[in-house]
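Chains A, B and C supply the protein sequences, listed in that same order. If you count by this note's numbering, then the first sequence holds residues 1 to 729, one letter each, in order. If you count by this note's numbering, then the second sequence holds residues 1001 to 1327, one letter each, in order. If you count by this note's numbering, then the third sequence holds residues 2001 to 2203, one letter each, in order.
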Amino acid sequence: MIGAPLTRVDGVAKVTGAARYSYEEPVANTAYGVIVTSTIAAGRIASIDAKEAQSLAGVLLVLSHENAPRVKADAGDRKLQVLQDDAVFYDRQPVALIVADTFERATDAASRVRVTYDRKAPATTMSSPGAQTYTPSQANNNPPDTTRGDFDAAFASAPVKLDNSYVTPTEFHNPMEPHATLAMWSGDELTIYDTSQGVFPRRASVAKIFGIPDTSVRVVSKFIGGGFGSKGGTNPYCVLAAMAAKVIGRPVKVVLTRPQMFGGFGNRPRTEQRVRLGADRSGKLTAMAHDVRSQGSRYDDFIENAAVISRMLYAVPNQITTHRGVRYDVVTPTYMRAPGESSGSFALESAMDELAYATGTDPLELRLINYAETDLSEQKPFSSKSLRQCYAQAAQRFGWASRKAAPRSMRTPDGLLAGYGMASSTYPSNRSSASAAATMHADGTVLATSGGCDIGTGAYTAFTQVAAEAIGLPVARVRFDLGDTTMPPAPEAGGSQLTASVANAVHAAGVALREKLAGLATANRNSPLHGRQLADLAFGDGRVFVRAQPVTGERYADIVRHSGAPSVMARADVQHDRRAKGPYSSHAFGAHFAEVHVDPDLGTVRLARMVSAFAAGTIVNAKTARSQFLGGTVWGVSMALHEEGRIDERTGRYMNASLENYLVPVNADIPSIEIILVDEQDEFVNPLGIKGIGEIGNVGSAAAVANAVYHATGKRVRELPISPEKLLT
Amino acid sequence: MRPFAYARAQSADAAIAAMAQDARAAFLAGGTNIVDLIKLDVAQPGTLIDIGALPLAAIEVATDGSVRIGALARMSDTADHTAVRSGAPCVAMALNLSASAQLRNMASIGGNVLQRTRCVYFRDVTQPCNKRQPGSGCSAIGGDDRKMAIFGANDRCIAVNPSDFSVAMLTTDATIHLRGPAGERTTPFLGFQRLPDDPALDTNIVRGELITAISFMPTALTRNSTYLKVRDRASYEFALVSVAAALDVRNGTIHDARVALGGVAHAPWRARAAEAALIGKPAVRATFAAAADAELRAAKPQRLNGFKVVMAKNAMVRALGTLGGAA
Amino acid sequence: MALGKVTRRRFLVRSAIPAIAAGIGIGVPRLNAVAQAASSVSIVPASGPGAVPVTLNVNGTEHAMRIEPRVTLLDALREQLGLTGTKKGCDQGQCGACTVLVDGRRVNACLTLAIAAEGKKVTTVEGLASDGKLHPVQAAFLEYDAFQCGYCTPGQICSAVGLIAEGRTRSDAEIREFMSGNICRCGAYTNIVAAVKAAAGHA
């Protein structure tokens, strides 16, 4: 069952519209909260005039720093201190909340709140006067700086040297579902229906903000309309909903507008990355330096760990990597799909492509020349690594061999420039503690639970399969539920860790359940299994039986019935410190091959096709896994060609705050992407051999497209996105 | 979103009269622009007069061969209509390259001609804008001007007109039919949409007037036309630059030509200098390039959109090239 | 209370007599006068801005509602009828998540006023399956895994139903272009094309 391309178990609910996304929960008497946001990026609120807003019919509450309930200081990011004082740190910072009995009235009233400011001239770019560079204490839980060998000496003596800088722009997640919280209080007990990637982390954070015990908060997130990192951390809208619900004593839902999603919770920070490569004339690397500057806010720390991938992807003996943050007047950035690896791989894999051309080496051959057999950053063997197979299978399927080496040497039948590019991909295999429960009912069906979230990954389906396999039941008799803090705890769906974490817990719970059922049977003198040893038993098709004599056995349903209890439950708690270091380094790997067509007169780049291969240990569901890889790869395409938050440097306001002007791909942009699942077994990474797959598609894919653009045009664009002006001028 | 009243008009005259009575009334047809602008607080009508049920959706070919597109014809129906497709292929192409299938099913042809700019500063009421608030200044100047005008702009407004259809219609010498409190009138399509001498005014429509139809006469020229739209992504995006071109080539010589550009000015830009450089010349690439050069010589790009000059030039050559071989 | 008050006003208009159109009605609008007019007079009754009675036909059922004219079809479906299958993605006609069928044609519900949809037949994702059997497009989306988070999916499915009725499924390129009004941030596009093709009988 593990590995089968099972159709999504929650699919019918999604295609019929029955799936209720968090804030769609029908709760009687819910009021509507609409946020008023700042129109300056730095300064102080001078006055708030809400008289007109307050006078409108249906308006229940106007919250501002003048009357908002106090929250606990030091309860996380500074941006969670919402409506606590008059300071403005970023454009579109919440400055008031209107609550009314209908959405229309709340929206109308919000537009009539007049706020005046004492404005400070903002620093709005990394090079603006007033922007401050700082050395972080960590880069997304990695050391910010590393050295090995002697970079300076090796680089100085390298026969081939490259020294180039690459820029990735500010990017916004833009999940299709806006961020929202529906909050309600019963005394001091808070329930929130939230767009959350992790109900337990959300619970802990919200409890801390309001100074109440974790157990007084329930968080529910059954369906989430995409997160990509943006629904991981707690953000102001969530705090505001809970505040307002408390004040008016009535459920309140707060939903961000699409423009508010450009500042309401952060973004992928802009990075400026300098990459220096030293190599011999065959392209073998001798030295590498990767120095990263990452956009940051004035008041919280966040670093895009872009150089971390360079520490382990290639066998380079002499290396320096550094991360610096640059503070200016913008919202605190946050995690966005493959934070660090996606932006860092653009720089690294572009630089590797440049090295290939500089040394006259085929880009794929260059990767093989520098193949890392061990993880040089951790000085450990890989628990498994099938990158060679990824290269080979994807190259074969793509037809890489037909590539003409020279840039600008290939054309389409209708005269466009054609280019082939490739890049490597990798993402660390993360795992955290997780718990799960499984309950066998007297009708022979199982309900298994764990409080993770399905943000579109297929978690419902994957965990159903794992439970069914562990217990020995057809999947049709297992129901898996998640997304509620009343369930056993699970980590956030982030860092590609959820499946590896929860599947192992679900499996353990399933094994515990079947053994508990076996124990009940062997202890029951009326059971055909009475007196048997567990070691002699096997499980499958809804029953326990004697391995050597399968006809002798008992159905689970009968065991439950004979137990005298309505059901039998088992629970497993699998402890794992995500930061703990074991004897192996564990990563998923992949390879992208892209063909682009470039109109040399118009400067437009269109993806023609892509083939991407991934090896990520045990694949729990081949169908949904393929979709995860596909989606991540699409993100790389738009990172290369489309996405860019465009800030007005005079005001610090992102002016393309809409899906009209912040471009993500539409259907016509993605003609063909083939995903190859490369077989891989990993005995060491975790009991089930699962590596995460949610983010790796977005690693290297932008570089593969950018490298194809270079091959097509002979023009190296080192600042994303590759928009027409960069090829025309 | 401010509250407004709603009235469903049963006749054009009733709609016009209702409009005349209420200075804060506005017409509602497809809604794709007015409802959007109301949500943004850019428009704050007191009453919406729904003209959607009026019998103005027909597309007809008159006895003289002219094609009359009712103002309430949907973009999708117009794009699919044989008379439009054969009489002015570039118009059908422009429509199919506009917006999305859903929006084309909603938006009317009359509304398309009247739609307001997509300038991000115009659409954000927190930003000064002469078009919204005369005299407040143009935030686009010196701001993110990548998508702004390269022709006909001034120090008060550098926004561009977003309509693809209007650009294509400039290849046809079309006529706009209006009805208002003072009765009916017609006006040439060319010039109906204005340059930003007064940024508050997008067109020469008189308050209270209703566009009832747009007509054009198919000719050898209009039947040989094409539309090229250049944009960052492959679909569902307004043009960075677009070109509508029509050529009447006889024995290898350009007998007549119409060229218009979109995405470059406050109104669809009739490329008269290019047309002059085409007529009488051989239909070859060198002629097209010379015509494009002649037109773009007058371009005045903003800080971030110098690329539009190159793009427009090359797009014009490309579009003309696809027509050149045809009779 | 101003917003809650129901006002019905009527404009008196005699067609083709501009003087009357421009003049006579002016004193009338704020009154609840009902025009008892000659046959040459047509009437433009105005409703609102407070909540007014509106009957919406959704998935074959008539719903008598009271809504303000400014309420969009999208918000009327989601907040008043509890039909949350139709999604709000951008509320600006820029993503397609709110796509529904009105009189069989796909439109953006976020830019459609509910009051303007009176008298038309609205079909949402909840109205596609019949007798407990999935619509072929729904079944194909399941089969081809044409979604991940599922939030754009109702809009994609309604759009695909409209697309197939339009006959725009003659090639993959045509499907891609004519499905480009529905953004899928999860990036399921190639699977969506496969599903649409299969549902259209071209697989």
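A virtual CB, placed ideally from N, CA and C, is assigned to each residue, including glycine. It should be emphasised that the depicted structure is a prediction, and the values quoted were computed from it without experimental measurement.
{"Asked": "Near-chain A residues of the region 1224-1242 of chain B (beta-carbon distance less than 9 Å), N- to C-terminal order", "Found": "Leu1228, Val1230, Arg1231, Asp1232, Arg1233, Ala1234, Ser1235, Tyr1236, Glu1237, Phe1238, Leu1240, Val1241"}
{"Asked": "Met352/A: first and last residue of the uninterrupted alpha helix (DSSP H) it sits in", "Found": "341-359"}
{"Asked": "Short Cβ contact (7 Å threshold) for Ser1215/B with Ser1100/B", "Found": "no"}
{"Asked": "CB contact check: Asn1105/B to chain A, cutoff 7 Å", "Found": "no"}
{"Asked": "Chain B contact for Val666/A (CB, 7 Å cutoff)", "Found": "yes"}
{"Asked": "Cβ pair Ala1174/B, Phe1189/B closer than 7 Å", "Found": "yes"}
{"Asked": "Backbone CA spacing between Asp1080/B and Phe1027/B [nearest angstrom]", "Found": "26 Å"}
{"Asked": "CB-CB length for His323/A against Ala307/A, believed under 8 Å", "Found": "6 Å"}
{"Asked": "Beta-carbon gap between Gly2187/C and Ala1005/B smaller than 7 Å", "Found": "no"}
{"Asked": "C-beta neighbour in chain C for Ser1100/B, strict 7 Å", "Found": "yes"}
{"Asked": "Residue-chain proximity (Met655/A, chain B), Cβ-Cβ < 7 Å", "Found": "yes"}
{"Asked": "Other residues of its chain near Glu1209/B: CB distance less than 6 Å, five sequence neighbours each side excluded", "Found": "Leu1178, Gly1180"}
{"Asked": "For His323/A: DSSP bridge partner residues", "Found": "Val292/A"}
{"Asked": "Residue-chain proximity (Ile2067/C, chain B), Cβ-Cβ < 7 Å", "Found": "no"}
{"Asked": "Alpha carbon of Ile1038/B to alpha carbon of Arg1118/B, nearest angstrom", "Found": "14 Å"}
{"Asked": "Per-residue contacts from Arg258/A into chain C (C-beta, under 7 Å)", "Found": "Cys2090, Asp2091, Gln2092"}
{"Asked": "Nearest residue (CA-CA) to Val634/A, options Leu537/A, Ser345/A, Gly697/A", "Found": "Gly697/A"}
{"Asked": "Cβ-Cβ distance between Gln497/A and Asn430/A below 7 Å", "Found": "yes"}
{"Asked": "Contained alpha helix (DSSP H) runs [length at least 4] in the region 1032-1104 of chain B, N- to C-terminal order", "Found": "1034-1039, 1075-1080, 1082-1087, 1089-1096"}
{"Asked": "Delimiting residues of the alpha helix (DSSP H) encompassing Asn430/A", "Found": "Careful: Asn430/A lies outside any alpha helix (DSSP H) and carries neither H nor E."}
{"Asked": "Contact with chain A by Gly2085/C, beta-carbon distance below 7 Å", "Found": "yes"}
{"Asked": "Under 7 Å between C-beta atoms of Asn2108/C and Gly2093/C", "Found": "yes"}
{"Asked": "The region 379-397 of chain A contacting the region 583-600 of chain A, beta-carbon criterion three pairs below 8 Å", "Found": "yes"}
{"Asked": "Between the CA atoms of Ala423/A and Arg479/A - distance to the nearest angstrom", "Found": "40 Å"}
{"Asked": "Ala2188/C in three-state terms, based on DSSP", "Found": "coil"}
{"Asked": "Closest residue to Ala150/A among Pro144/A, Pro143/A, Ala158/A (Cα-Cα distance)", "Found": "According to the sequence provided, residue 150/A is Asp. The question's Ala does not apply to it. Residue Ala158/A is the option with its Cα nearest to Asp150/A."}
{"Asked": "One or two residues paired with Asp573/A in a DSSP bridge", "Found": "Ser435/A"}
{"Asked": "Selected residue, minimal CA-CA separation from Arg258/A, among Ile35/A, Val574/A, Ala509/A, Ala18/A", "Found": "Ile35/A"}
{"Asked": "7 Å CB neighbourhood of Lys691/A in its chain, flanking five on each side removed", "Found": "Ser429, Ala500, Ser586, Ala588, Ala616, Gly617, Asp682, Val685"}
{"Asked": "Short Cβ contact (7 Å threshold) for Leu336/A with Gly229/A", "Found": "The question names Leu, but residue 336/A in the sequence shown is Met. Contact: yes."}
{"Asked": "Residue range of the beta strand (DSSP E) that includes Ala1291/B", "Found": "Not the beta strand (DSSP E): Ala1291/B falls in the alpha helix (DSSP H), residues 1285-1296."}
{"Asked": "Inter-residue spacing [alpha-carbon to alpha-carbon] between Glu643/A and Asn267/A", "Found": "12 Å"}
{"Asked": "Span of the alpha helix (DSSP H), counted from its first residue to its last, around Phe265/A", "Found": "It is not in any alpha helix (DSSP H) - Phe265/A carries neither H nor E in the DSSP assignment."}
{"Asked": "Per-residue contacts from Ser2180/C into chain A (C-beta, under 7 Å)", "Found": "Val666, Asn667, Ala668"}
{"Asked": "Any 3 or more C-beta pairs closer than 8 Å across the region 268-275 of chain A and the region 108-118 of chain A", "Found": "no"}
{"Asked": "Helix, strand or coil at Leu1228/B [DSSP, three-state]", "Found": "strand"}
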